[in-house]
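Here's the structure, in structure tokens; my notes come after.
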């Protein structure tokens, strides 16, 4: 036992002596292994003995930065830069703290300062080039065509030109024209928007407004305001209010109804490995009707090989509307037996869909390879729908027709694909196709757009 203690002491003393002689080895090794919490603790232990040690202070600031605590890292590097204004390493970390947090305005100034000290600094040059590309004027020109089994067709072309007054403020000019069958005139819109990012409070505000002309010639002011607050775990909280036209049914052509939607949602960053979202909204229709709803979905990787990513998950939704906009149109009768006729009734949503106590659950599958994403979901739904009676009668024509709310179940599903293809430097083609089956129609939708930088 005594011999074992002697051996341990003999081994431990040189190790402790070596650690005392080289206070950098352990924290730098831990940082290189991305064990940031342990590296930070080791740096802080070293700084208690050497509070003014530049290498330890710089290493601690870097570990805080790499751990994603950008505001704390910003303060640490600011103190280092104030002490040594021409130090390349301190200036680089100071610029990275702004760049990685999304504060491109400050990042640009700091990288320019670094280039003044070191004109050949490669990372500073690349970062400034990337910031310039991100804040270059851009455009998007797109077309959408939708047809369904009502039957009903809608076609729309839209264009947007964007300009950055600085790397965090974008201004948009928006315009569009469209057509629906039997419309008195073409649809048209013109408007503008602005998007401003505030990295210090991890927020972004987006607002847009446009004057929209309906197919019947009526014009209305539409728009949207969205506040996004970035949260930990690669997520964000989104609060929005928007007013949009209702042009989803055959009978909407002769109306000019709109809906104001107020929503609150939480969602994961689309670039994250597992994705999720939870949201709730309320609807205020221009004809006095009201509605509400909630959604939740989750998908996670289930298979990865080379460039293929396969995700799977589930989704759930709930919808309800106060007043019904489904109305009777016609009936068909057939003789079931002598003296007994069976009636079949037909109705339409006029001018928009009104779900009642709709509850649905779906299984979701998403496959992704570079430039291509394929999506499919399917499930089971129940709701209450307006029906008509009586079912049978003694004559070819029913003596009376009465409406009643009835329980209904159906199996909604949707499938589609999206492709992104670079055509030239700064120009990209995006195309999407989707087929959707709901309780009252089947629809096909095509969309294509060109996106580029000027």
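Numbering (this note's numbering), first residue to last: 1350 to 1803. Beta carbons: idealized from backbone N, C-alpha and C, even for Gly.
Item, Value
"For residue 1677, the first and last residue of its enclosing beta strand (DSSP E)", "1675–1686"
"Where the beta strand (DSSP E) through residue 1790 begins and ends", "From DSSP, residue 1790 is part of no beta strand (DSSP E); its letter is neither H nor E."
"Inter-residue Cα distance where the pair is residue 1426 and residue 1449", "14 Å"
"Inter-residue spacing [alpha-carbon to alpha-carbon] between residue 1408 and residue 1575", "39 Å"
"Residue interval of the beta strand (DSSP E) (run including residue 1731)", "1721–1738"
"Whole runs of the alpha helix (DSSP H) within the stretch 1469–1495, excluding any shorter than 4 residues", "1471–1483"
"Three-way DSSP call (helix, strand, coil) for residue 1749 in this model", "coil"
"Close Cβ partners of residue 1651 (< 7 Å) along its chain, the five nearest in sequence each way excluded", "1659, 1660, 1661"
"Residues sharing a beta bridge with residue 1776, DSSP", "1773, 1801"
"Inter-stretch contact (C-beta, 8 Å, three-pair minimum) for the stretch 1698–1707 and the stretch 1680–1688", "no"
"Residue 1570 and residue 1553 closer than 7 Å at C-beta", "no"
"Other residues of its chain near residue 1484: CB distance less than 6 Å, five sequence neighbours each side excluded", "1513, 1516"
"Distance between beta carbons of residue 1556 and residue 1539, contact taken as under 8 Å", "Rounded, the Cβ-Cβ distance is 16 Å, inconsistent with contact."
"C-alpha distance - residue 1559 paired with residue 1630, whole-angstrom precision", "22 Å"
"Three-state secondary structure assigned by DSSP to residue 1360", "A caution first: residue 1360 carries a pLDDT of 40, below 50, which makes its placement in the model unreliable, though a value can still be read off. Correct three-state label for residue 1360: helix."
"Supposed close pair residue 1803, residue 1487 - CB separation, criterion 8 Å", "7 Å"
"Rounded C-alpha distance that separates residue 1788 from residue 1759", "6 Å"
"Alpha-carbon spacing of residue 1358 relative to residue 1375, whole angstroms", "In this predicted model, residue 1358 has a pLDDT of only 41, less than 50, meaning its place in the structure is not dependable enough to derive any value."
"Inter-residue spacing [alpha-carbon to alpha-carbon] between residue 1502 and residue 1595", "14 Å"
"Contiguous beta strand (DSSP E) assignments of at least 3 residues, all confined to the stretch 1630–1673", "1639–1654, 1657–1670"
"Cα-Cα separation, residue 1729 to residue 1791", "16 Å"
"Runs of beta strand (DSSP E) lying entirely within the stretch 1539–1584, each at least 3 residues, in chain order", "1552–1562, 1568–1580"
"Straight-line Cα distance separating residue 1418 from residue 1643", "33 Å"
"Exposure of residue 1648, with buried meaning 16 or more beta-carbon neighbours within 10 Å", "buried"
"Buried versus exposed call for residue 1567 [16 or more other C-beta atoms within 10 Å across all chains shown]", "exposed"
"C-alpha gap between residue 1776 and residue 1437, whole angstroms", "36 Å"
"Own chain partners of residue 1395 with C-beta closer than 6 Å, once the 5 adjacent residues on each side are dropped", "1372, 1405"
"Closest by C-alpha distance to residue 1615, when choosing among 1586, 1637, 1632", "1586"
"For residue 1677 and residue 1640, the rounded distance between their alpha carbons", "22 Å"
"contact_flag[the stretch 1765–1773, the stretch 1468–1482] where n(CB pairs < 8 Å) is 3 or more", "no"
"With 16 other Cβ atoms within 10 Å as the buried cut-off, status of residue 1784", "exposed"
"Neighbourhood of residue 1353 by C-beta, 6 Å cutoff - its chain only, sequence neighbours within 5 removed", "Low confidence applies here, because residue 1353 scores a pLDDT of 35, under 50, leaving its location unreliable; read the following figure in that light. Cβ within range, chain order: n/a, list empty."
"When 1383, 1388, 1428, 1415 are compared against residue 1403, the one with the closest alpha-carbon", "1428"
"DSSP three-state assignment for residue 1520, whether helix, strand or coil", "strand"
"Unbroken alpha helix (DSSP H) run spanning residue 1378, endpoints", "1374–1381"
"Close Cβ partners of residue 1622 (< 7 Å) along its chain, the five nearest in sequence each way excluded", "1650"
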